[in-house]
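Numbering (UniProt numbering), first residue to last: 1 to 202.
Structure first, commentary second.
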Amino acid sequence: MIKKAVFSVSNSDYTKCPKTDKPEIAFIGRSNVGKSSLINMLAGVKDLAKTSGKPGKTQLINHFEIDGRWYMVDLPGYGYAVVSKSTKSSWEKMIRGYLTNRANLIAVMVLIDSRLEPQKIDLEFITWCGEHDVPFVLAFTKADKLGLEKTKVSIQRFLDAAKEIFGEEPQYFITSANKREGKEELIRFFEAEISEYYEALG
1 MIKKAVFSVS
11 NSDYTKCPKT
21 DKPEIAFIGR
31 SNVGKSSLIN
41 MLAGVKDLAK
51 TSGKPGKTQL
61 INHFEIDGRW
71 YMVDLPGYGY
81 AVVSKSTKSS
91 WEKMIRGYLT
101 NRANLIAVMV
111 LIDSRLEPQK
121 IDLEFITWCG
131 EHDVPFVLAF
141 TKADKLGLEK
151 TKVSIQRFLD
161 AAKEIFGEEP
171 QYFITSANKR
181 EGKEELIRFF
191 EAEISEYYEA
201 LG
């Protein structure tokens with residue numbers, strides 16, 4: 001259970017992020033996938049991460065300190081956003097730099113809209129993560145929007161596509177920020193990963 005979540009710092013340069021003395025779990029996904037809503041639901045703070053109907057709202061690497069023990073990191077979305085090509089390019093460079101250089105990054109939650117057919121950009125991103133040894137986990141969002149059966153079918157399509165890439169299904173969670181679905185499972189996962197990180201440090 002998360003007891004205290006506070007904003008720490010925003011940066012456009014991973015080298016200026018907080019010291020790597022606490023584990024980090026980052027959140028990323030296609031623009032407008034419901035990232036900020038999921039972060040707020042998990043943290044139990046309504047406006048911790050800024051939500052917007054306009055894609056591309058998150059433009060920096062945002063660190064939130066959780067219980068003084070670890071960081072939840074909100075990364076800019078990839079894909080469609082109402083920004084210039086040069087801005088998109090700088091985002092991509094910033095995201096790649098962060099993901100491949102943070103020694104304390106223990107998991108990347110890749111958010112996938114559970115309502116959609118498998119999106120090429122999502123599959124390309126998890127492929128890139130695999131190629132660069134970035135430890136990712138899938139979090140399917142907006143699971144309350146289609147109904148149980150349609151959601152299951154949609155999620156399985158994505159998992160099948162991912163299995164073609166990796167030979168097995170990636171670890172995944174099913175979430176709904178509106179109905180708080182998946183919160184307990186994700187918190188348990190975070191706690192296990194964080195405990196493992198600190199145990200490895202001795």
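Built from N, CA and C at the ideal position, the CB exists for glycine as well.
Fair warning: this is a prediction, and the values are worked out from it, not measured in the lab.
Please state the DSSP three-state secondary structure of Glu117. Your numbering for residue 117 matches position 117 in the sequence shown. Three-state DSSP puts Glu117 in coil, outside helix and strand.
Considering only the beta carbon of each residue, do Ala143 and Phe173 sit closer than 7 angstroms? Locating residue 143 in the sequence shown gives position 143, counting from the first residue. Locating residue 173 in the sequence shown gives position 173, counting from the first residue. Cβ atoms of Ala143 and Phe173: not closer than 7 angstroms.
Should residue 234 go down as buried or exposed, given a rule of 16 or more other Cβ atoms within 10 Å for buried? Outside the displayed range of the chain (1 to 202) lies residue 234, so it cannot be described from this structure.
What separation, rounded to the nearest whole angstrom, lies between the Cα atoms of Glu65 and Leu48? Counting from one through the sequence shown, the residue named residue 65 turns up at place 65. Counting from one through the sequence shown, the residue named residue 48 turns up at place 48. Taking the straight line from one Cα to the other gives about 11 angstroms.
Can you give me the C-alpha to C-alpha distance between Asp122 and Pro23, rounded to a whole angstrom? If you number the sequence shown from 1, residue 122 lands on position 122. If you number the sequence shown from 1, residue 23 lands on position 23. Near 25 angstroms, if we compare the C-alpha coordinates of Pro23 and Asp122.
Could you tell me which residues DSSP puts in a beta bridge with Tyr71? Translated into the one-based positions of the sequence shown, residue 71 becomes position 71. Paired residues: Glu24 and Glu65.
Secondary structure of Gly97, DSSP reduced to three states: Translated into the one-based positions of the sequence shown, residue 97 becomes position 97. DSSP places Gly97 in helix when its eight states are reduced to three.
Only counting the same chain, and skipping five residues up and downstream in sequence, which positions put a Cβ closer than 7 angstroms to that of Ser52? Residue mapping note: residue 52 aligns to position 52 of the sequence shown, counting from 1. In this prediction, Ser52 scores a pLDDT of 49, lower than 50, which makes its location untrustworthy; the coordinate-derived value is nonetheless stated afterwards. Excluding residues within five positions, none has a Cβ falling inside 7 angstroms.
Outcome for Asn62 when other beta-carbon atoms lying within 10 angstroms are tallied against a minimum of 16: Locating residue 62 in the sequence shown gives position 62, where the first residue counts as 1. Counting Cβ neighbours within 10 Å, Asn62 comes out buried, since at least 16 surround it.
Apply the 10 Å Cβ neighbour rule to Gly167 and answer buried if 16 or more other Cβ atoms are within range, or exposed otherwise. For the purposes of this step, residue 167 is identified with residue 167 of the sequence shown, where counting begins at 1. Exposed, since its Cβ has fewer than 16 Cβ neighbours within 10 Å.
Selected residue, minimal CA-CA separation from Ser8, among Gly44, Ser31, Asp74 and Gln59: Here residue 8 is taken as the residue at index 8 of the sequence shown, counted from 1. Checking every option, the nearest Cα to that of Ser8 belongs to Asp74.
Span of the alpha helix (DSSP H), counted from its first residue to its last, around Ile39: Counting from 1 along the sequence shown, the entry for residue 39 is found at position 39. Segment Lys35 to Ala43, the alpha helix (DSSP H) holding Ile39.
If you follow the alpha helix (DSSP H) that Val153 is part of, which residue opens it and which one closes it? Numbered from its first residue, the sequence shown carries residue 153 at position 153. It spans Leu148 to Phe166 - the alpha helix (DSSP H) in which Val153 sits, taken as one unbroken run.
Closer than 7 angstroms by C-beta to Asn11: which residues in its own chain qualify, once you throw out the five before and the five after it? Chain order, please. Numbered from 1 along the sequence shown, position 11 holds the residue referred to as residue 11. Contacts found: Cys17, Leu60 and Ile61.
Whether Tyr14 touches Tyr71 by CB criterion (7 angstroms): Translated into positions along the sequence shown, residue 14 becomes position 14. Translated into positions along the sequence shown, residue 71 becomes position 71. In this structure, Tyr71 does not lie closer than 7 angstroms to Tyr14 by Cβ.
Within 7 angstroms, strictly: CB atoms of Val137 and Met109: If you number the sequence shown from 1, residue 137 lands on position 137. If you number the sequence shown from 1, residue 109 lands on position 109. Yes, the pair counts as a contact, with Cβ atoms nearer than the cut-off.
Leaving aside the five residues before and after Glu191 along the sequence, list all residues of the same chain whose C-beta is less than 8 angstroms from its C-beta, in chain order. In the sequence shown, counting from the first residue as 1, residue 191 sits at position 191. For Glu191, where only same-chain residues beyond five positions count, there are no Cβ hits under 8 angstroms.
Following the continuous beta strand (DSSP E) through Ser10, name the residue where it begins and the one where it ends. Looking up residue 10 in the sequence shown gives position 10. Note, Ser10: beta strand (DSSP E), Ala5 to Asn11.
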